[in-house]
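J.: When you read off a place in the sequence shown, starting at 1, and then add 8, the result is the number in the numbering used here.
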Amino acid sequence: MTEDLSPAERFSAARQRAADEATALAPFRDLYDFELDAFQIEACQALEAGKGVLVAAPTGSGKTIVGEFAVHLALTQGRKCFYTTPIKALSNQKYSDLAKRYGSSKVGLLTGDNSVNSEAPIVVMTTEVLRNMLYAGSKSLLGLGYVVMDEVHYLSDRFRGAVWEEVIIHLPESVTLVSLSATVSNAEEFGDWLDTVRGDTRVIVSEHRPVPLWQHVLAGRRMYDLFEESGDKREVNPDLVRMARMENSRVGHPRDRRRGRPKREADRERERRQRSRIWTPSRAEVIDRLDSEGLLPAITFIFSRAGCEAAVQQCLYSGLRLNDSAAAAKVREIVEERTADIPDTDLHVLGYFEWLEGLQRGIAAHHAGMLPTFKEVVEELFVRGLVKAVFATETLALGINVPARSVVLEKLVKWNGEQHADITPGEFTQLTGRAGRRGIDIEGHAVVLWQRGMDPGALAGLAGARTYPLRSSFKPSYNMAVNLVAQFGRHRSRELLETSFAQFQADRSVVGISRQVRKNEEGLEGYRASMTCHLGDFEEYARLRRELKDRETELAKQGATQRRVQAAAALEKLKPGDIIHVPTGKFAGLALVLDPGVGGRSPAHHRGMDHEGPRPLVLTAQRQVKRLASIDFPVPVEALDRMRIPKSFNPRSPQSRRDLASALRTKAGHYDPPRHRKQRSAAAEDTEINRLRTEIRRHPCHGCDEREDHARWAERYHRLTRETRQLEHRIEGRTNTIARTFDRVYGLLSELGYLDGDEVTDDGRVLARLYGELDLLASECLREGVWEGLPPAELAACVSALVFESRSGDDALPPKLPGGRARAALGEMVRTWGRLDALEEDHRITAAEGVGQREPDLGFAWAAYRWADGEGLDTVLREADMPAGDFVRWCKQVIDVLGQLAAAAPQSGTVAKNARKAIDGMLRGVVAYSSVG
Numbered sequence: 009m010t011e012d013l014s015p016a017e018r019f020s021a022a023r024q025r026a027a028d029e030a031t032a033l034a035p036f037r038d039l040y041d042f043e044l045d046a047f048q049i050e051a052c053q054a055l056e057a058g059k060g061v062l063v064a065a066p067t068g069s070g071k072t073i074v075g076e077f078a079v080h081l082a083l084t085q086g087r088k089c090f091y092t093t094p095i096k097a098l099s100n101q102k103y104s105d106l107a108k109r110y111g112s113s114k115v116g117l118l119t120g121d122n123s124v125n126s127e128a129p130i131v132v133m134t135t136e137v138l139r140n141m142l143y144a145g146s147k148s149l150l151g152l153g154y155v156v157m158d159e160v161h162y163l164s165d166r167f168r169g170a171v172w173e174e175v176i177i178h179l180p181e182s183v184t185l186v187s188l189s190a191t192v193s194n195a196e197e198f199g200d201w202l203d204t205v206r207g208d209t210r211v212i213v214s215e216h217r218p219v220p221l222w223q224h225v226l227a228g229r230r231m232y233d234l235f236e237e238s239g240d241k242r243e244v245n246p247d248l249v250r251m252a253r254m255e256n257s258r259v260g261h262p263r264d265r266r267r268g269r270p271k272r273e274a275d276r277e278r279e280r281r282q283r284s285r286i287w288t289p290s291r292a293e294v295i296d297r298l299d300s301e302g303l304l305p306a307i308t309f310i311f312s313r314a315g316c317e318a319a320v321q322q323c324l325y326s327g328l329r330l331n332d333s334a335a336a337a338k339v340r341e342i343v344e345e346r347t348a349d350i351p352d353t354d355l356h357v358l359g360y361f362e363w364l365e366g367l368q369r370g371i372a373a374h375h376a377g378m379l380p381t382f383k384e385v386v387e388e389l390f391v392r393g394l395v396k397a398v399f400a401t402e403t404l405a406l407g408i409n410v411p412a413r414s415v416v417l418e419k420l421v422k423w424n425g426e427q428h429a430d431i432t433p434g435e436f437t438q439l440t441g442r443a444g445r446r447g448i449d450i451e452g453h454a455v456v457l458w459q460r461g462m463d464p465g466a467l468a469g470l471a472g473a474r475t476y477p478l479r480s481s482f483k484p485s486y487n488m489a490v491n492l493v494a495q496f497g498r499h500r501s502r503e504l505l506e507t508s509f510a511q512f513q514a515d516r517s518v519v520g521i522s523r524q525v526r527k528n529e530e531g532l533e534g535y536r537a538s539m540t541c542h543l544g545d546f547e548e549y550a551r552l553r554r555e556l557k558d559r560e561t562e563l564a565k566q567g568a569t570q571r572r573v574q575a576a577a578a579l580e581k582l583k584p585g586d587i588i589h590v591p592t593g594k595f596a597g598l599a600l601v602l603d604p605g606v607g608g609r610s611p612a613h614h615r616g617m618d619h620e621g622p623r624p625l626v627l628t629a630q631r632q633v634k635r636l637a638s639i640d641f642p643v644p645v646e647a648l649d650r651m652r653i654p655k656s657f658n659p660r661s662p663q664s665r666r667d668l669a670s671a672l673r674t675k676a677g678h679y680d681p682p683r684h685r686k687q688r689s690a691a692a693e694d695t696e697i698n699r700l701r702t703e704i705r706r707h708p709c710h711g712c713d714e715r716e717d718h719a720r721w722a723e724r725y726h727r728l729t730r731e732t733r734q735l736e737h738r739i740e741g742r743t744n745t746i747a748r749t750f751d752r753v754y755g756l757l758s759e760l761g762y763l764d765g766d767e768v769t770d771d772g773r774v775l776a777r778l779y780g781e782l783d784l785l786a787s788e789c790l791r792e793g794v795w796e797g798l799p800p801a802e803l804a805a806c807v808s809a810l811v812f813e814s815r816s817g818d819d820a821l822p823p824k825l826p827g828g829r830a831r832a833a834l835g836e837m838v839r840t841w842g843r844l845d846a847l848e849e850d851h852r853i854t855a856a857e858g859v860g861q862r863e864p865d866l867g868f869a870w871a872a873y874r875w876a877d878g879e880g881l882d883t884v885l886r887e888a889d890m891p892a893g894d895f896v897r898w899c900k901q902v903i904d905v906l907g908q909l910a911a912a913a914p915q916s917g918t919v920a921k922n923a924r925k926a927i928d929g930m931l932r933g934v935v936a937y938s939s940v941g
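Here it is in structure tokens:
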């Protein structure tokens with residue numbers, strides 16, 4: 009190739025090679041045994057040029073290499089680099105990777121419960137730890153040159169997303185920011201914001217997957233490709249469309265059978281053949297099929313912890329084995345080594361032996377309810393190829409580097425905390441992005457199991473929509489407010505919050521609305537000209553007509569409301585056995601009242617009542633038993649007569665209904681329907697209406713020949729004016745939204761004595777050290793001495809109410825609580841929350857804004873008390889009815905808050921001392937030897 013170049017071109021190429029070799033990127037590229045992709049090289053070059061970077065690329069594309077180059081640059085320049093991650097498991101994994109490359113002396117780890125070599129030049133940490141360091145003005149920030157924010161799209165998370173924005177806004181200007189994100193559709197918008205708050209930022213977006221992904225649907229014994237490609241065209245597989253259409257048409261056949269239509273033998277045979285080909289295969293069949301096709305290892309995503317455990321059991325019961333004896337022995341060796349610290353008594357409680365049996369066969373579950381140590385072992389064995397089938401909840405897709413050859417989705421619906429909802433394109437991309445291991449697989453495979461009612465077109469839409477928008481969830485919290493005021497004062501804090509991505513997005517949305525307002529204003533000028541009348545002020549005349557119309561409408565509504573009230577009052581007077589005439593509706597005519605739909609414990613609880621009034625249950629003269637609604641009674645109804653309802657009457661019996669309806673017709677068939685005289689219209693006697701009509705007749709424009717033409721333009725003018733006002737109101741609502749929320753938070757904290765002008769009080773300094781969803785409640789409890797004098801175990805029980813959130817519904821049984829002073833303290837915590845809740849309402853601070861304090865949850869208090877008091881794991885888990893992983897995670901969070909209290913509480917009292925003792929009591933057994941939580 010070089011022989012074809014001219015001497016000048018060869019000289020230029022040689023100079024370019026020499027320049028490339030002189031960069032920090034050249035030795036960094038030598039650390040990898042593969043060529044870097046174009047987007048990785050572009051991002052690294054931008055970093056070396058001193059720019060910040062935002063890299064948005066698909067899962068598994070290798071964007072973390074850009075973060076690792078920031079680490080390399082920091083070490084080369086003698087500066088520090090902080091590598092932040094959203095979850096502790098990812099922090100541990102990245103710490104392990106970097107320690108292997110650069111040596112453990114140069115790499116540290118800081119998570120909520122781990123601190124390893126924290127003053128090293130390279131420190132891996134969770135994002136919350138960096139946020140806390142920034143507010144505390146930590147000395148560790150000295151010499152900081154780079155911050156890598158891995159999985160920065162967590163900024164959308166409504167519970168934790170604000171932390172990412174806090175870090176981005178508060179980092180010193182001298183720090184270069186490396187933001188790594190999944191592919192989002194508004195990366196340029198996010199990059200523009202980073203450019204505004206952080207300075208020169210290069211946005212690099214890559215849609216390319218290094219390992220191509222193939223989409224399939226598994227139905228019965230056959231695996232269908234989701235798409236068919238011919239030339240440049242890509243269409244949904246017609247076989248899938250045909251299957252869906254045939255299944256949907258089969259659903260409609262019963263109606264034909266009810267009508268007595270005979271089905272041809274050929275149709276029945278075709279249906280039998282089709283049914284024999286279409287079914288949802290079992291979990292064991294799916295894994296067996298993938299194994300035979302060479303598509304293992306695979307992750308099957310099941311949106312249920314219980315479903316994951318059940319899937320492993322089903323595979324074991326089916327006799328499925330994916331490991332040979334040598335692999336099984338290796339698994340046992342690794343597992344025994346990793347769990348050597350767990351006492352035998354605990355192993356039985358944790359279901360160790362059943363778990364080990366699955367691992368030895370190459371099958372495992374992975375979900376948040378598992379012991380963290382068990383999850384780590386599953387991840388290690390899967391990466392090493394010793395576990396080939398993992399049944400996981402979606403948490404496995406969030407950042408942890410556990411790729412597979414194939415990903416299976418059982419269903420496209422998941423519980424989102426409130427309802428069962430379809431998964432979003434972003435979630436689908438995140439889950440299927442785990443398919444295809446770079447450097448190992450030529451292609452990855454995403455398999456969706458056929459389900460009844462599946463729409464191949466909708467699935468293709470999910471698979472084809474690769475991106476989702478990044479939306480800020482930033483809201484100023486109480487802790488954030490006191491920390492900001494402490495550092496910057498009120499005015500500067502307000503300005504800083506105005507630089508948030510949340511406000512940036514709100515301001516951008518205002519641009520389009522403002523454009524529409526200007527367009528409307530131009531239209532209003534034209535309408536005003538068209539409605540001009542030579543006889544007088546037509547705008548005034550139109551206003552009078554509009555006021556008349558509004559008054560007539562108001563009176564009509566009042567009349568309708570009055571009639572409904574009268575009708576409801578009449579219904580409430582009915583009794584069983586009353587004969588009435590239903591005035592209108594599908595069941596108009598004679599009817600016998602069986603149940604008036606009133607009474608019982610209270611009207612609101614009675615099954616015959618709704619928010620619109622009584623709903624009587626009646627038997628019509630046509631033998632139908634129906635519960636009527638208020639809409640069937642537009643006018644009051646009175647009993648025409650009465651008759652006895654036999655005690656033996658059964659509304660479900662056709663014979664009973666026939667006999668009683670016959671008696672009803674005999675008794676009251678001669679009654680004529682009551683006639684209701686139409687009431688005189690209230691408008692006829694209304695003085696305001698009479699005044700407006702007189703003014704309209706006297707107005708000069710009333711005599712204009714083109715009056716109605718002008719009136720049409722006036723109506724358009726009015727409608728457009730109303731629409732423009734609504735748009736202007738929306739602009740007001742979106743402008744300075746974050747600052748207005750901060751003002752309300754500031755007002756509440758000032759009233760409680762945490763802030764005084766630009767000064768933070770002593771109580772405020774305590775609040776500044778408390779991080780969490782219930783930061784203000786914790787601070788109030790400290791200030792009021794609610795926990796003073798509580799023994800360590802009882803203090804742990806009370807603190808658990810600040811962090812725990814129950815998975816069960818509102819109808820769950822009341823939680824078991826410890827006795828003694830802890831019970832009284834928990835009650836006082838709930839009362840304190842009630843007082844704060846009322847105060848928040850006064851200051852118009854709502855939970856919907858993401859700022860308000862939720863009610864403390866007492867569901868973990870008994871388990872925390874028993875564990876801190878030294879009770880064994882078996883007893884605590886049995887009493888709590890909780891998976892070990894959940895128990896460990898909640899214990900870690902209780903320990904975290906206890907640590908905050910130990911540092912923030914007055915050292916002269918008992919809380920700080922007993923918080924430290926409670927930590928010692930809880931940090932034992934499974935909680936102590938679980939490295940992540």
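Glycine included, each C-beta is placed from N, C-alpha and C at the ideal position.
1. Is it buried or exposed for Y762, if we count other Cβ within 10 angstroms and need 16 for buried?
2. Taking Cβ positions, are F47 and I212 nearer each other than 8 Å?
3. In chain order, which continuous runs of the beta strand (DSSP E) of length 3 or greater are located wholly inside the stretch 385–460?
4. Apart from the five residues just before and just after S187, which ones in its own chain have a Cβ nearer than 6 Å to its Cβ?
5. Compute the distance between the beta-carbons of A892 and L420, then report whether it is under 8 Å.
6. Can you tell which of A82, G58, K59 and P66 has the C-alpha that lies nearest to the C-alpha of F36?
7. Starting from W201, trace the alpha helix (DSSP H) in both directions and tell me its first and last residue.
8. Could you give the DSSP three-state label for T918: helix, strand or coil?
9. State yes or no: is the C-beta of T569 within less than 8 Å of the C-beta of P642?
10. Taking C-alpha atoms, which residue in N140, S113 and R139 lies nearest to E127?
11. Restricting to runs no shorter than 4 residues, where is the alpha helix (DSSP H) found entirely within the stretch 153–181?
12. Considering just the uninterrupted stretch of the beta strand (DSSP E) at V590, what are its terminal residues?
13. Just mark I310 as buried or exposed, buried being the case when its beta carbon has 16 or more other beta carbons within 10 Å.
14. What would DSSP say about S14, mapped onto helix, strand or coil?
15. Contact defined as beta carbons within less than 8 Å: I believe G60 pairs with T204. What is the distance between those atoms, to the nearest angstrom?
16. Is the beta carbon of G370 sitting closer than 8 Å to the one on V395?
17. Can you tell me whether G116 is helix, strand or coil according to DSSP?
18. Tell me which residue opens and which closes the beta strand (DSSP E) that S189 is part of.
19. Cα separation between A612 and N140?
20. Distance cutoff 8 Å, beta carbons only. Does I746 sit that close to anything in chain D?
21. For F967, which residues of its own chain have a beta-carbon under 7 Å away from its beta-carbon, when the five flanking residues on both sides are left out?
22. Report yes if the C-beta distance between G452 and V294 is below 8 Å; otherwise report no.
23. Determine the direct distance from the alpha carbon of V132 to that of A923, and round the result to whole angstroms.
24. Determine the direct distance from the alpha carbon of R559 to that of G544, and round the result to whole angstroms.
25. Sort out for me which residues DSSP pairs M231 with in a bridge.
26. For Q459, which residues in the same chain have their Cβ closer than 7 Å to its Cβ, ignoring the five residues on either side in sequence?
27. Looking only at DSSP bridge pairs, what is M133 linked to?
28. Do E174 and T488 have their beta-carbon atoms positioned less than 8 Å apart in this structure?
29. Could you check where the alpha helix (DSSP H) with A832 kicks off and where it finishes?
30. What first and last residue would you give for the alpha helix (DSSP H) that runs through E548?
31. Could you tell me the boundaries of the alpha helix (DSSP H) in which F496 lies?
32. Name the residue from L700, G151 and A54 whose alpha carbon lies nearest to the alpha carbon of R87.
33. In three-state terms, what does DSSP make of G621?
34. According to the neighbour-count rule (16 or more other Cβ atoms, all chains shown, within 10 Å of its Cβ), is I746 buried or exposed?
35. Taking DSSP as the reference, what is the three-state secondary structure of E215?
T.: Well, looking at it:
1. Taking the sequence shown and counting its residues from 1, the one referred to as residue 762 is at position 754. Answer is buried; the Cβ neighbour count reaches 16.
2. One-based indexing of the sequence shown puts residue 47 at position 39. One-based indexing of the sequence shown puts residue 212 at position 204. Yes; because the gap between Cβ atoms is below 8 Å, this pair is in contact.
3. Listed in chain order, the complete beta strand (DSSP E) runs (minimum 3 residues) inside the stretch 385–460 are 397–400, 414–417, 421–423, 428–430 and 452–457.
4. The residue labelled residue 187 in the question sits at position 179 within the sequence shown. These residues qualify, in order along the chain: L62, M157 and V160.
5. Position 884 of the sequence shown, counting from 1, holds the residue named residue 892. Position 412 of the sequence shown, counting from 1, holds the residue named residue 420. Taking 8 Å as the cut-off, the beta carbon of A892 is found no closer than this to the beta carbon of L420.
6. For the purposes of this step, residue 36 is taken as residue 28 along the sequence shown, with counting starting at 1. Of the candidates A82, G58, K59 and P66, the one whose C-alpha sits nearest the C-alpha of F36 is A82.
7. As a working mapping, residue 201 is identified with position 193 in the sequence shown. A195 to R206 is the extent of the alpha helix (DSSP H) around W201.
8. For this step, residue 918 is matched to residue 910 along the sequence shown. Coil, per DSSP.
9. Along the sequence shown, one-based indexing puts residue 569 at 561. Along the sequence shown, one-based indexing puts residue 642 at 634. Contact flag unset, no.
10. Translated into the one-based positions of the sequence shown, residue 127 becomes position 119. It is S113 whose Cα lies nearest to the Cα of E127.
11. 169–178
12. Your numbering for residue 590 matches position 582 in the sequence shown. V590: member of the beta strand (DSSP E) spanning D586 to V590, first to last residue.
13. If you number the sequence shown from 1, residue 310 lands on position 302. Buried, because 16 or more other Cβ atoms sit within 10 Å of the Cβ of I310.
14. Taking the sequence shown and counting its residues from 1, the one referred to as residue 14 is at position 6. Here S14 sits in coil by DSSP.
15. Counting from 1 along the sequence shown, the entry for residue 60 is found at position 52. Counting from 1 along the sequence shown, the entry for residue 204 is found at position 196. About 12 Å separates the two Cβ atoms, so there is no contact after all.
16. Here the question's residue 370 lines up with position 362 in the sequence shown. Here the question's residue 395 lines up with position 387 in the sequence shown. Yes.
17. Translated into positions along the sequence shown, residue 116 becomes position 108. G116 falls in the strand class under three-state DSSP.
18. The residue labelled residue 189 in the question sits at position 181 within the sequence shown. For S189, the enclosing beta strand (DSSP E) covers residues T184 to S189.
19. Position 604 of the sequence shown, counted from the first residue, corresponds to residue 612. Position 132 of the sequence shown, counted from the first residue, corresponds to residue 140. Only weak support is given to the placement of A612: the predicted model assigns it a pLDDT of 37, under 50, and the question is left unresolved by the model.
20. Considering every chain present, this structure includes no chain D. It has just one protein chain.
21. Because the chain in this structure spans residues 9 to 941, residue 967 falls outside the shown range and cannot be described.
22. The residue you call residue 452 lines up with position 444 of the sequence shown. The residue you call residue 294 lines up with position 286 of the sequence shown. No, they are not a contact pair.
23. Within the sequence shown, the letter at position 915 stands for residue 923. Within the sequence shown, the letter at position 124 stands for residue 132. Distance between the alpha carbons of A923 and V132: 27 Å.
24. For the purposes of this step, residue 544 is taken as residue 536 along the sequence shown, with counting starting at 1. For the purposes of this step, residue 559 is taken as residue 551 along the sequence shown, with counting starting at 1. About 24 Å.
25. Residue mapping note: residue 231 aligns to position 223 of the sequence shown, counting from 1. Per DSSP, L226.
26. Start at 1 with the first residue of the sequence shown, and residue 459 comes out as number 451. Here the set comprises T288 and K419.
27. Taking the first residue of the sequence shown as 1, we reach residue 133 at position 125. When beta bridges are read from the DSSP output, M133 appears opposite T92 and L118.
28. For the purposes of this step, residue 488 is identified with residue 480 of the sequence shown, where counting begins at 1. For the purposes of this step, residue 174 is identified with residue 166 of the sequence shown, where counting begins at 1. Here the sequence assigns Met to residue 488, which means Thr is not the residue at that position. Closer than 8 Å, so yes.
29. Position 824 of the sequence shown holds residue 832. From DSSP, the alpha helix (DSSP H) with A832 extends over G828 to D850.
30. Counted from its first residue, the sequence shown places residue 548 at position 540. F546 to E580 is the span of the alpha helix (DSSP H), which, as asked, contains E548.
31. Against the sequence shown, residue 496 aligns to sequence position 488. First-last of the alpha helix (DSSP H) with F496: Y486 to L505.
32. Numbered from 1 along the sequence shown, position 79 holds the residue referred to as residue 87. That would be G151, whose Cα lies nearest to the Cα of R87.
33. Stepping through the sequence shown from its first residue, residue 621 is reached at position 613. When DSSP states are grouped into helix, strand and coil, G621 belongs to the strand group.
34. The residue given as residue 746 occupies position 738 in the sequence shown. The residue is buried, with at least 16 neighbouring Cβ atoms inside 10 Å.
35. Here residue 215 refers to the residue found at position 207 of the sequence shown. Of the three classes helix, strand and coil, the one that applies to E215 here is coil, per DSSP.
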